[in-house]
Amino acid sequence: MLLAIDCGNTNTVFSIWDGARFLCTLRTATEHQRTADQYFVWFSTLIHHHGIRAEITEMIISSTVPRVVFNLRVLADRYFGCRPLVVGKPECRLPVKVRVDAGTQVGPDRLVNTVAGHDLYGGDLIIVDFGTATTFDVVARDGAYIGGVIAPGVNLSLQALHEAAAALPHVDVTKPERVIGTNTVDCMQSGVFWGYVGLVNGICERIKTERGCAMTVIATGGLAPLFQQGDAAFDALEEDLTMHGLTVINAYNKEG
């Protein structure tokens, strides 16, 4: 069994892959102080709750927070007796080319999404990931990552608005019934929701114009289903895109 781990700035996701399907997906807050022992207690308790007998033999990690990787490596060695693949390290080969400016480091999460998107849909893609940041990854026809766009994340924008303006409350992200709000909360929710719908649609259209070809837009990330309700220009919604990419990369390295 493969344990795929996606460590983002806000959350860390563990998924168990048995070669045909994901048996379960577990989510925890990203904390670089968490030890390998703490990870294992949390992980083993939850899979026992789900009634899963997981004999982990392989592990792959994608992390945008370098400080957590050490303890995840210890987790693999101490409790599963394996050496994990870490996306972005020299020993982890990727079936994807990167065509960006020399010296530019592309986030491992963006590379994993590129691999997953190309495996599922082929090339000429725009992958919109609603995470701590809202990212747009552009994938060429041959599967190469050729650049993208980074915008502030939805929750990050709400937090900044609340902290910078003392009179404005913290609100949840939701689709408002009307564009014109009649109270402060409605106004903020409308501004964030419809503002991000406009941002997504506008950037995707500009990317398509610049590329001069038809492109498939794939949405992923926790808030993607919500923004799909707002006429955002998504052709497909893939909530497990990153996890799928990790399984593809792991298989690619085994074959190699």
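In the numbering used here, the protein residues as written are 329 to 584.
Beta carbons are placed, not taken as given, at the ideal position from N, Cα and C, and that holds for glycine.
Note that the structure is a prediction, hence the values are computed from the model and not measured.
If I measure Cβ to Cβ from residue i and keep anything under 8 Å in the same chain, skipping five residues before and after, which residues do I get?
{"i": "L484", "result": "T460, A461"}
{"i": "A357", "result": "T338, N339, T340"}
{"i": "V501", "result": "V482, N483, L486, Q517, V520, F521, L551, L554"}
Let me check one thing: in DSSP terms, what residues is residue i bridge-paired to?
{"i": "L339", "result": "According to the sequence as given, residue 339 is Asn; it is not Leu. For N339, which the question treats as bridged, DSSP gives the partners A357."}
{"i": "S518", "result": "Looking at the DSSP assignment, S518 forms no beta bridge with any residue, so it has no partner."}
{"i": "G509", "result": "Its beta-bridge partners do not exist; DSSP assigns none."}
{"i": "A461", "result": "P480"}
{"i": "C352", "result": "I344"}
{"i": "S390", "result": "D334"}
{"i": "V466", "result": "I454"}
{"i": "T544", "result": "L453"}
Out of curiosity, what's the CA-to-CA distance linking residue i and residue j?
{"i": "C420", "j": "R411", "result": "12 Å"}
{"i": "A542", "j": "A472", "result": "16 Å"}
{"i": "D568", "j": "I531", "result": "23 Å"}
{"i": "L439", "j": "P553", "result": "22 Å"}
{"i": "A477", "j": "V466", "result": "At residue 477 the sequence reads Val, which differs from the Ala that was named. Distance between the alpha carbons of V477 and V466 is about 9 Å."}
{"i": "V513", "j": "P504", "result": "10 Å"}
{"i": "A348", "j": "E491", "result": "45 Å"}
{"i": "E566", "j": "P436", "result": "18 Å"}
{"i": "P497", "j": "G509", "result": "15 Å"}
{"i": "K582", "j": "V507", "result": "51 Å"}
{"i": "G451", "j": "R381", "result": "37 Å"}
{"i": "L331", "j": "A495", "result": "45 Å"}
{"i": "E538", "j": "N511", "result": "40 Å"}
{"i": "M387", "j": "A493", "result": "44 Å"}
{"i": "T570", "j": "Y449", "result": "14 Å"}
Go through its chain and collect everything with a Cβ distance to residue i's Cβ below 6 Å, but skip five positions before and after it.
{"i": "V396", "result": "C335, H360"}
{"i": "G445", "result": "L453, I455, V467, I546"}
{"i": "L374", "result": "L354"}
What is the DSSP secondary structure of residue i, counted as helix, strand or coil?
{"i": "G450", "result": "coil"}
{"i": "A472", "result": "coil"}
{"i": "L551", "result": "coil"}
{"i": "V415", "result": "coil"}
{"i": "T363", "result": "coil"}
{"i": "L374", "result": "helix"}
{"i": "L565", "result": "strand"}
{"i": "V424", "result": "coil"}
{"i": "C532", "result": "helix"}
{"i": "I577", "result": "helix"}
{"i": "G431", "result": "coil"}
{"i": "Q557", "result": "coil"}
{"i": "M571", "result": "helix"}
{"i": "E383", "result": "coil"}
{"i": "P436", "result": "helix"}
{"i": "K503", "result": "coil"}
{"i": "L496", "result": "coil"}
{"i": "G526", "result": "helix"}
Given residue i, which residues of its chain have a CB within under 7 Å of its CB, disregarding the five upstream and five downstream residues?
{"i": "L403", "result": "A364, Y367, F368"}
{"i": "G550", "result": "F458"}
{"i": "G573", "result": "V440, N441, V443, A444"}
{"i": "V479", "result": "Per the sequence shown, the amino acid found at residue 479 is Ala instead of Val. Hits under 7 Å: A461, T462, L527."}
So residue i and residue j are in contact, right, with Cβ under 8 Å, and what is the actual spacing, rounded?
{"i": "L453", "j": "I546", "result": "6 Å"}
{"i": "F350", "j": "F371", "result": "F350 to F371, Cβ: 15 Å. No contact."}
{"i": "V528", "j": "A561", "result": "7 Å"}
{"i": "C352", "j": "H378", "result": "5 Å"}
Any heavy atom of the ligand GTP closer than 7 Å to the Cβ of residue i?
{"i": "L453", "result": "This structure does not include the ligand GTP; it has no bound ligands of any sort."}
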